[in-house]
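Asker: Quick one: structure below, then a few questions.
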Amino acid sequence: MNPLLSDNVFKVNKGKFLYMSRYTCRGTLMLQAEEDLLVIAAQSGNHKAFNVLVVKYQKPLLRFANRLCNDPELANDAVQDCWIKSTKTLRQLKDPRAFKSWIYRLVKWRVTDLLRFKVKHKARFGAELHELDEQLLDEKKFIESAHLKQGDLKQSGLKQSEIGMAIDKLPKVEKEIIHLFYLDEMKVAEIAIILGIPTGTVKSRLNRARALLKQKCNVSDDG
-19 MNPLLSDNVF
-9 KVNKGKFLYM
1 SRYTCRGTLM
11 LQAEEDLLVI
21 AAQSGNHKAF
31 NVLVVKYQKP
41 LLRFANRLCN
51 DPELANDAVQ
61 DCWIKSTKTL
71 RQLKDPRAFK
81 SWIYRLVKWR
91 VTDLLRFKVK
101 HKARFGAELH
111 ELDEQLLDEK
121 KFIESAHLKQ
131 GDLKQSGLKQ
141 SEIGMAIDKL
151 PKVEKEIIHL
161 FYLDEMKVAE
171 IAIILGIPTG
181 TVKSRLNRAR
191 ALLKQKCNVS
201 DDG
């Protein structure tokens, strides 16, 4: 086994996985390299590494799924189904750096499938499916503004509650992009993969989202 993945690298505290500080680079944890190692280990059948990935992404994936369907129970089912599926398909992932966008895309597809299943059996879910389809086709076309960068919202001096209220007032498409890019801190390429749209479309839609959020939060271009 790769020594980087041996048991003495890992430490469990109150059910949570902690990466040992020996793997640092000038005082900064190598977060992406760390995750890459976990993905590679999980692909090789390391259950501990897989569980670490579950702990890291479970809550963000639940939030993402619930935003798509507005149904906590369905969102939970979708995420759990994807974790089960990923145990069988993770080895097919060629680039461990793509794990984040890969697992988000699995959740998006599963939410859509579950909603379609409900639509087939209950007509009252028809409106929800139509809304989701429009969201998945139209949503996520924007990102990476030249001025407002990831983390700016957290450093703007606004309280978290104020930021949350401002985001909630945005149109649905803009709100979802803001969540994925600024709060979940996803890259443009990752969002493009998740939503199945070109990166250029993602960037252009971010400009619109940024302008609207700037008006609501009074975030200055000079800040």
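-19 is the number of the first residue of the sequence shown in the working numbering; add one for each residue after it. Cβ atoms here follow ideal geometry from the backbone N, Cα and C, with glycine treated the same way. Note that the structure is a prediction, hence the values are computed from the model and not measured.
What three-state label does DSSP hand residue 57 in the structure shown?
Answerer: Position 77 of the sequence shown holds residue 57. Reduced to three states, the DSSP call for residue 57 is helix.
Asker: When we look at the beta-carbon of residue 35 and count the other beta-carbons within 10 Å, is it buried (16 or more) or exposed?
Answerer: For the purposes of this step, residue 35 is taken as residue 55 along the sequence shown, with counting starting at 1. The residue in question, residue 35, is exposed, as its Cβ has fewer than 16 Cβ neighbours within 10 Å.
Asker: Take the Cβ of residue 156 as the centre, count every other Cβ of all protein chains shown within 10 Å, and call the residue buried at 16 or more, exposed below.
Answerer: For the purposes of this step, residue 156 is taken as residue 176 along the sequence shown, with counting starting at 1. Buried, because 16 or more other Cβ atoms sit within 10 Å of the Cβ of residue 156.
Asker: Whole angstroms are fine: how far does the CA of residue 60 sit from the CA of residue 97?
Answerer: As a working mapping, residue 97 is identified with position 117 in the sequence shown. As a working mapping, residue 60 is identified with position 80 in the sequence shown. For residue 97 and residue 60, the distance between alpha carbons rounds to 17 Å.
Asker: What would DSSP say about residue 165, mapped onto helix, strand or coil?
Answerer: Numbered from its first residue, the sequence shown carries residue 165 at position 185. Three-state result, residue 165: coil.
Asker: Determine whether the beta carbon atoms of residue 150 and residue 88 lie at a separation below 8 Å.
Answerer: For this step, residue 150 is matched to residue 170 along the sequence shown. For this step, residue 88 is matched to residue 108 along the sequence shown. No. Outside cutoff.
Asker: From which residue to which residue does the alpha helix (DSSP H) around residue 31 run?
Answerer: Against the sequence shown, residue 31 aligns to sequence position 51. Taken as a continuous stretch (DSSP letters only), the alpha helix (DSSP H) holding residue 31 covers 27 to 49.
Asker: Kindly say whether residue 179, judged by its beta-carbon, lies nearer than 8 Å to any beta-carbon of chain B.
Answerer: No chain B is part of this structure, which consists of one protein chain only.
Asker: For residue 76, count neighbouring Cβ atoms within 10 angstroms of its own Cβ and tell me buried if that reaches 16, exposed if not.
Answerer: In the sequence shown, the residue the question calls residue 76 occupies position 96. Classification for residue 76: buried.
Asker: For residue 14, which option in 25, 24, 32 has the closest C-alpha, if you only look at C-alpha atoms?
Answerer: Numbered from its first residue, the sequence shown carries residue 14 at position 34. Taking only the C-alpha atoms, the option nearest residue 14 is 32.
Asker: From this set, 84, 181, 193, which residue's C-alpha is nearest residue 40's C-alpha?
Answerer: Counted from its first residue, the sequence shown places residue 40 at position 60. Cα-wise, what sits closest to residue 40 is 84.
Asker: What residue range is occupied by the uninterrupted alpha helix (DSSP H) comprising residue 73?
Answerer: For the purposes of this step, residue 73 is taken as the residue at position 93 of the sequence shown. Taken as a continuous stretch (DSSP letters only), residue 73 belongs to no alpha helix (DSSP H), as it is neither H nor E.
Asker: State the DSSP-derived secondary structure class of residue 194, mapped to helix, strand or coil.
Answerer: Residue 194 sits at position 214 when you count from the first residue of the sequence shown. DSSP places residue 194 in helix when its eight states are reduced to three.
Asker: Near residue 94, which residues of its chain fall below 6 Å by C-beta distance, leaving aside the five closest residues on each side in sequence?
Answerer: If you number the sequence shown from 1, residue 94 lands on position 114. So the qualifying residues of the chain are 54, 58.
Asker: Leaving out five residues on either side along the sequence, give the residues of the same chain with a beta carbon under 6 Å from the beta carbon of residue 189.
Answerer: On the sequence shown, position 209 is the one that residue 189 refers to. 122, 154, 157, 158, listed in sequence order.
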